[in-house]
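Numbering (the numbering used here), first residue to last: 4 to 842.
Quick look at the structure:
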């Protein structure tokens with residue numbers, strides 16, 4: 004609810020006094036009255052403006068009235084308004100929704116006057132889009148869009164808003180105007196290609212094709228916009244140029260030509276902007292005659308990002324996807340028929356299939372993968388036999404080309420894919436990827452969608468839920484985990500090769516994250532077999548599945564890391580010491596957590612830096628151990644730098660216990676938490692909210708403050724109380740201000756006591772502010788008032804409460820006078836205004 008101004012305070016002669024003000028001041032006064040008053044204020048502003056001789060004053064008041072949707076007042080004010088007023092209103096252009104015929108008729112006449120007066124295309128467009136003519140003005144709007152001035156360097160907010168309004172109201176007219184700008188080679192605004200793409204054009208236009216083929220910079224907005232509207236034949240010619248450019252990227256000696264490469268990639272970028280249907284049709288027309296090299300280049304054109312539902316999307320229709328799938332199958336058969344086609348070329352078809360997934364592709368994908376695996380093994384054996392000196396064999400052995408097939412299987416999320424993946428679990432080169440496909444299918448079917456796109460580190464937020472689920476049913480498992488662990492059992496029998504053991508550990512890392520029942524013996528064996536870093540990954544999977552791990556295992560891993568670093572110093576000095584961090588992040592979830600500070604204490608000083616420990620510390624906030632709190636505070640006692648660390652503070656707040664709150668209060672009083680580089684205001688708010696959660700902690704703080712905020716630290720504690728003070732807190736803080744002269748209570752402090760925030764039913768992350776009765780608080784504040792002027796803190800708080808009641812309403816049970824039996828007059832303040840701020 005907006006603040007309500009009461010025009011009655013201006014007195015009965017308000018119209019005369021306001022009318023005598025200078026016009027510049029007068030229009031602002033009337034605008035404020037119309038914007039911030041009730042019906043009485045709307046009536047007053049309308050009456051004064053109606054008799055005003057200045058058109059600018061009338062228009063300014065209409066602006067406020069229209070925003071308030073006061074149509075009746077607008078019609079009344081404009082009843083006798085002259086052309087000058089309407090001319091101003093048309094220039095501002097936002098009265099098209101005022102449902103008064105007479106007003107709309109005068110606005111239309113004003114628009115005609117502006118058009119006849121020779122205004123700029125931008126102004127004419129702004130006038131036209133608010134016209135009530137509807138579809139009748141599409142042609143005019145398209146013309147103005149085509150001819151308006153666009154300066155991308157200036158790129159003003161008003162121009163962006165104007166084009167946004169055009170797109171919302173007349174999307175086809177905007178696209179038509181942009182198409183004409185494109186043909187006339189006028190400046191385009193950013194995103195014009197997306198507007199044209201969504202319009203659905205598919206044009207066979209030589210002029211536009213010429214623009215798309217121009218040899219300009221690799222990223223040319225005009226060329227990309229032209230490509231966005233081409234039909235199949237034109238796109239085909241663009242593809243022909245792309246294929247021709249690809250033949251000259253390298254000369255006969257194999258030397259790369261930079262200019263030719265830029266041309267080749269520039270054409271490919273432009274083809275990625277073409278309509279999906281046009282692209283598919285153009286490639287279909289060339290598919291039969293394309294050689295293998297051209298097939299690879301054409302297949303890569305389908306692997307463009309479609310961006311989901313965003314504006315940049317160039318999605319393929321179902322019909323187009325079917326066409327892509329058919330081409331992929333035909334091309335795959337051609338390549339496999341040769342028997343010796345390069346593996347990377349065949350893999351591009353697998354990527355193409357991932358862009359048009361279909362269960363019908365699975366048999367062919369299996370043949371392609373088997374061929375790839377067979378030949379990859381051959382090249383590895385050949386490279387090994389040559390002592391890794393055969394350059395061609397080594398190159399092939401270093402490029403498995405397995406992930407292309409994994410992506411295709413991930414895209415085809417059906418039971419048949421899972422059945423196929425089970426066949427590959429024991430394959431040395433594809434087993435782990437097959438397991439990840441199974442795990443992904445389980446996750447998609449059983450876990451909520453994760454919207455945390457930019458999460459730093461590992462997400463431990465679901466560990467507690469999984470711990471509870473595992474505790475409730477330790478035997479709970481999944482078909483995927485059973486299948487994966489079944490494969491593991493066959494790989495770790497006596498006499499297994501190193502490669503088999505390595506694969507078993509990799510499968511364990513994947514399978515252990517899934518519900519896997521009671522697999523203690525197998526998991527212990529995997530832990531014993533796993534090398535240091537793989538062991539850390541395996542233990543992490545167990546933690547994420549909700550299983551307990553022994554802290555001794557983690558401590559041993561940390562010790563081994565430092566031992567390895569003695570020979571390879573890069574382990575601790577490069578790549579942010581990730582190998583050590585992989586172990587540290589496990590400590591909060593290992594048992595017993597009480598040993599964590601001892602383990603950290605034993606590390607070299609350089610690795611005890613707070614930044615190095617931050618992920619581990621954040622993990623303590625997600626730990627279910629009762630010792631996590633003690634461990635957190637013990638770490639800070641060992642290294643006081645953590646007291647100023649944001650991750651440490653956020654963690655102890657998230658622990659959310661009475662004892663943690665007590666400890667933070669004591670640390671505040673001792674000065675350990677005195678802010679240096681830390682945001683003291685933000686921390687004060689967080690601490691205040693934490694204290695308010697526990698009545699016993701609030702009582703404890705009040706006892707500490709019984710003699711007042713006599714130190715800097717106690718003053719900081721008083722400031723924390725002010726964040727959510729409650730009735731007793733407000734009275735205490737008012738008493739402090741009267742004794743020390745320092746103000747602690749502000750608008751937000753009072754608002755938290757006299758109102759509550761109720762989540763809105765129809766809006767996410769929104770709330771309604773609802774008044775709460777504060778009868779006792781107001782009575783006690785009145786008793787504490789002295790002079791009643793602006794330096795009287797109790798009176799100021801009462802005035803703030805009244806302002807909040809004006810904004811959000813007052814409870815019916817709350818009397819207007821704080822305490823009528825006191826015989827004190829109310830309102831007590833009659834002059835100086837009161838600031839919303841505490842100071």
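All residues carry an ideal CB built from backbone N, CA and C; glycine is no exception.
Checklist entry - Do the region 383 to 401 and the region 412 to 419 meet, that is, are 3 or more Cβ pairs less than 8 Å apart? => result Result no; under three Cβ-Cβ pairs closer than 8 Å.
Checklist entry - Out of curiosity, what's the CA-to-CA distance linking residue 200 and residue 265? => result Going from the Cα of residue 200 to the Cα of residue 265 covers about 24 Å.
Next on the checklist: Among the candidates 55, 49, 54, whose CA atom is the shortest distance from the CA of residue 65?
Outcome noted: Comparing Cα positions, the closest option is 49.
Checklist entry - In three-state terms, what does DSSP make of residue 571? => result coil
Checklist entry - Per DSSP, residue 480 forms a beta bridge with which residues? => result 519
Next on the checklist: With DSSP as the reference, identify every bridge partner of residue 770, one or two as the case may be.
Outcome noted: 762
Checklist entry - Which value, in whole angstroms, describes the spacing of the CA atoms of residue 424 and residue 581? => result 32 Å
Next on the checklist: Taking the beta carbon of residue 812 as the centre, do at least 16 other beta carbons fall within 10 Å, making it buried, or is it exposed?
Outcome noted: Result: exposed.
Checklist entry - To which residues does DSSP link residue 259 through a beta bridge? => result 253
Checklist entry - Which residues in the same chain have their Cβ closer than 7 Å to the Cβ of residue 757, if we skip the five residues on either side of it in sequence? => result Cβ within range, chain order: 774, 775, 777, 804, 807.
Checklist entry - What do you reckon, are the CB atoms on residue 285 and residue 242 nearer than 7 Å? => result Judged by their CB atoms, residue 285 and residue 242 are nearer to each other than the 7 Å cut-off.
Next on the checklist: Using a Cβ-Cβ cutoff of less than 7 Å, which residues in the same chain neighbour residue 229 once the five nearest sequence positions on both sides are dropped?
Outcome noted: The residues are 185, 211, 214, 215.
Item to check | Reference residue 153; option with closest CA among 116, 174, 195 | outcome: Looking at 116, 174, 195, the one whose alpha-carbon comes closest to that of residue 153 is 195.
Next on the checklist: Quick check: what's the CA-CA separation for residue 420 versus residue 519?
Outcome noted: Approximately 21 Å, taken between the alpha carbons.
Checklist entry - Closer than 7 Å, CB to CB, is residue 353 near chain B or not? => result The question asks about chain B, but that chain is absent: this structure has only one protein chain.
Checklist entry - Roughly how far, in whole angstroms, is the beta-carbon of residue 1 from the beta-carbon of residue 22, given that I think they are within contact range, below 8 Å? => result The question about residue 1 has no answer here: the residues shown for the chain are numbered 4 through 842.
Item to check | Sub-7 Å separation of residue 620 and residue 654 beta-carbons | outcome: yes
Next on the checklist: For a test of the three-state rule: what should DSSP assign to residue 726, helix, strand or coil?
Outcome noted: In the three-state reduction of the DSSP assignment, residue 726 falls in the coil class.
Next on the checklist: If I measure Cβ to Cβ from residue 312 and keep anything under 8 Å in the same chain, skipping five residues before and after, which residues do I get?
Outcome noted: Note that residue 312 has pLDDT 47, beneath the 50 cutoff, so the model's placement of it is unreliable and the number below is only indicative. Apart from the 5 residues on each side of it in sequence, residue 312 has no Cβ closer than 8 Å to any other Cβ in its chain.
Checklist entry - Helix or strand or just coil, what does DSSP make of residue 457? => result Here the model assigns residue 457 a pLDDT of 48, short of 50, so the residue's position is not dependable, and the following value carries that caveat. Here residue 457 sits in coil by DSSP.
Checklist entry - For residue 552, which residues does DSSP report across the bridge? => result 593
Item to check | Same chain, Cβ closer than 8 Å to residue 606, neighbours up to 5 away in sequence not counted | outcome: 561, 565
Item to check | Coil, strand or helix - residue 708 by DSSP | outcome: coil
Checklist entry - Under the rule that 16 or more other beta-carbon atoms within 10 Å means buried, what is residue 203, buried or exposed? => result exposed
Next on the checklist: Which of the three DSSP states is assigned to residue 446 in this structure?
Outcome noted: helix
Checklist entry - Three-state secondary structure (DSSP) at residue 627? => result coil
Checklist entry - Can residue 350 and residue 407 be called in contact, C-beta distance under 7 Å? => result With a cutoff of 7 Å on beta-carbon distance, residue 350 and residue 407 are scored as near each other.
Next on the checklist: Between 558, 346, 493, 395, which has its C-alpha nearest residue 604's C-alpha?
Outcome noted: 558
Checklist entry - The alpha helix (DSSP H) with residue 830 in it runs from where to where? => result It is not in any alpha helix (DSSP H) - residue 830 carries neither H nor E in the DSSP assignment.
Checklist entry - Going along the chain, which residues of its own chain have a beta-carbon closer than 7 Å to the beta-carbon of residue 820, five neighbours each way excluded? => result 829
Checklist entry - So, is residue 208 buried or exposed, given that buried needs 16 or more other C-beta atoms within 10 angstroms? => result buried
Checklist entry - Rounded to the nearest angstrom, how far is the Cβ of residue 552 from that of residue 546, given a contact under 8 Å? => result 6 Å
Next on the checklist: Between the alpha carbons of residue 76 and residue 143, how many angstroms are there, rounded?
Outcome noted: 33 Å
Next on the checklist: Classify residue 696: buried if its beta carbon has 16 or more other beta carbons within 10 angstroms, exposed otherwise.
Outcome noted: exposed
Item to check | Buried or exposed by the 16-neighbour rule on C-beta atoms within 10 Å, applied to residue 258 | outcome: With fewer than 16 other Cβ atoms from the protein chains shown falling within 10 Å of its own Cβ, residue 258 counts as exposed.
Checklist entry - CA-CA distance, residue 145 and residue 112? => result 22 Å
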